[in-house]
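Q: Dropping the structure in here first, questions after.
2 protein chains.
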Amino acid sequence: MATVRRPGSYHCGIDAAMDVIGGKWKVLVLWALDERPYRFGELRRALGGVTEKVLAAQLRELEEDGIVHREVYDEVPPRVEYSLTARGASLNEALAPLGAWGRQNVAVVSPPQVPGP
Amino acid sequence: MATVRRPGSYHCGIDAAMDVIGGKWKVLVLWALDERPYRFGELRRALGGVTEKVLAAQLRELEEDGIVHREVYDEVPPRVEYSLTARGASLNEALAPLGAWGRQNVAVVSPPQVPGP
DNA sequence: CAGAATCCAAGTGGATACTG
DNA sequence: CAGTATCCACTTGGATTCTG
């Protein structure tokens, strides 16, 4: 859902952006990939509790929107790595203030770690 | 969906914030109220195409999350005004970079007007 | 390992009608 | 005017199973 997917159907930049990051796991994916590239299963474990189908779907959408890059290595066993594109990185930067707001205004519970977005 | 509603169920500030602005019309409401207070029907017309039920539900959630303030005037005919709280205003500020990102990276179509969030 | 396919559950949004 | 009350449709996400 986004960028080229629904051209001219937004009323302001925010709901356009919301369409890109609207999926339930997308911001978490963004957050993870902001650190380093991840393999599929690895990413799945990192998010904890996403089914393959859903994660694959969200990654496909993020790829279509030019947010993540999908690199397939022709090996056995198969290996696929996901990473942020430049646009994805810029999206993450734009998301930073919102992350800060959430941390200040909403109860977050994760274990003490790097203060992510 | 938010703040006090799901304490300790987020992994980072962003998905916490996403829970607050997750509704389909919420960011549009935020955007409108950022300009000035609105009455119910007025707001509904401004958004264009929201049903009363849905708008009422979203406003109620935003109110529970401390984003909007609901002021009831005891008059005939009844009058209710919605406005941003301080927290709502700060959320809007945190949303600004995302709005800028959306405008630069996604096709937005609205008529030339004040560059909103 | 990295998914595709299928089927299903739930949440979310919408249409319409009615009320204080 | 500002909602509430129902009922309904669709989208999203999830569980399970299967494959290159």
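Chains A and B supply the protein sequences, listed in that same order. Its first residue numbered 1, the first sequence is counted upward by one per residue in UniProt numbering. Its first residue numbered 1, the second sequence is counted upward by one per residue in UniProt numbering. By construction, the Cβ of each residue, glycine as well, lies at the ideal position given by its N, Cα and C atoms.
#1: DSSP on residue 36(A), reduced to helix/strand/coil?
#2: With a Cβ-Cβ cutoff of 8 Å, do residue 140(A) and residue 100(B) count as a contact?
#3: Name the chain B residues that come within less than 7 Å of residue 91(A), Cβ to Cβ?
#4: Residue 81(A) bridges to which residues according to DSSP?
#5: Where residue 36(A) and residue 82(A) are concerned, what is the direct C-alpha to C-alpha distance, given to the nearest angstrom?
#6: Where does residue 99(A) sit, in a helix, a strand or coil, going by DSSP?
#7: If we ignore side chains and look at the alpha-carbon of each, how far apart do residue 30(B) and residue 47(B) end up?
#8: Going by alpha carbons, who is nearest to residue 42(A) out of 92(A), 90(A), 80(A) and 88(A)?
#9: Would you say residue 16(B) lies against chain A (beta-carbon separation less than 8 Å)?
#10: Less than 8 Å between C-beta atoms, sequence neighbours within five positions excluded: which residues of the same chain meet that for residue 85(B)?
#11: Taking only beta-carbon atoms, is residue 106(A) less than 8 Å away from chain B?
#12: Residue 53(A) by DSSP, collapsed to three states: which one?
A: According to the structure shown:
#1: Residue mapping note: residue 36(A) aligns to position 36 of the first sequence, counting from 1. Residue 36(A) falls in the coil class under three-state DSSP.
#2: What the structure shows of chain A is the stretch from 1 to 117, and residue 140(A) is not part of that stretch, so it cannot be assessed.
#3: Counting from one through the first sequence, the residue named residue 91(A) turns up at place 91. Going along chain B in sequence order, the residues near residue 91(A) (Cβ under 7 Å) are 101.
#4: In the first sequence, counting from the first residue as 1, residue 81(A) sits at position 81. DSSP output for residue 81(A) lists 39(A) and 71(A) as bridge partner(s).
#5: Counted from its first residue, the first sequence places residue 36(A) at position 36. Counted from its first residue, the first sequence places residue 82(A) at position 82. For residue 36(A) and residue 82(A), the distance between alpha carbons rounds to 9 Å.
#6: Within the first sequence, the letter at position 99 stands for residue 99(A). Note: residue 99(A) maps to helix in three-state DSSP.
#7: Your numbering for residue 30(B) matches position 30 in the second sequence. Your numbering for residue 47(B) matches position 47 in the second sequence. One C-alpha to the other measures close to 11 Å.
#8: Here the question's residue 42(A) lines up with position 42 in the first sequence. Here the closest residue by C-alpha is 80(A).
#9: Counted from its first residue, the second sequence places residue 16(B) at position 16. Residue 16(B) counts as touching chain A.
#10: On the second sequence, residue 85(B) is found 85 positions in, with the first residue counted as 1. Only 66, 67, 68 and 69 meet the Cβ criterion.
#11: Start at 1 with the first residue of the first sequence, and residue 106(A) comes out as number 106. It does; some Cβ of chain B falls within 8 Å.
#12: As a working note, residue 53(A) is residue 53 in the first sequence. Of the three classes helix, strand and coil, the one that applies to residue 53(A) here is helix, per DSSP.
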